[in-house]
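In this note's numbering, the protein residues as written are -10 to 179.
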């Protein structure tokens, strides 16, 4: 597949791969450079950033993460992982039932900062990531299901656990693909 040569081709490419957005961790941050060349105010210029993003998108599509089926019941553990980086927010929903060693992803979401939200403090960005994560995951698992929150921001764990007795997962470092760097999938506590 060759890179797009104009705005229309870029829009068509982004539209075609948009179907896989829930399967690709940090999708919005990856497609940001090609998206910028489609804006009316910008002239079309396919530079090194767009080419790098194009190559990464093709790589991600080739290794798309299979999403597990949504399961319900009191024994099901649903874990929301949220993070706020320099370029945007990302969150993922994982699920595990008894008898499984590894959790299964139910979806990956992300969004870039727009307007004044780019100027939020790191704490405000983390709160926004958690809020957006809960909103998105409630559409998948419903609002009556228990959800364990695993924030990426290190200071949240102790602060929230002390004050609210929330079920917070211990911090994990994540690799480039959104999965914990030491595992292919997170191990959920039983």
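Built from N, CA and C at the ideal position, the CB exists for glycine as well.
If you're wondering where the values come from, they're calculated on a predicted model, not measured in any experiment.
(message) So, for residue 134: in the same chain, excluding its five sequence neighbours on each side, which residues have a beta-carbon less than 8 Å away from its beta-carbon?
(response) Take residue 134, set aside five residues on each side of it, and the residues of its chain with a beta-carbon closer than 8 Å to its own are 61, 65, 67, in chain order.
(request) Go ahead and label residue -10 buried or exposed: buried means 16 or more other beta carbons lie within 10 angstroms of its beta carbon, across all protein chains shown. (result) Residue -10 is exposed by the Cβ-count criterion.
(request) Please report the residue range of the beta strand (DSSP E) in which residue 72 lies. (result) 66 to 73
(message) Looking at the secondary structure, which residues open and close the beta strand (DSSP E) in which residue 127 lies?
(response) Taken as a continuous stretch (DSSP letters only), residue 127 belongs to no beta strand (DSSP E), being part of the alpha helix (DSSP H) at 111 to 130.
(message) Please identify the residue among 95, 39, 31, 132 whose C-alpha is closest to the C-alpha of residue 53.
(response) Residue 95 is the option with its Cα nearest to residue 53.
(request) Measure the C-alpha to C-alpha separation of residue 78 and residue 93 and round it to an integer number of angstroms. (result) 21 Å
(request) Output yes or no for whether 8 Å exceeds the beta carbon distance between residue 80 and residue 121. (result) Pairing residue 80 with residue 121 gives a Cβ-Cβ distance under 8 Å.
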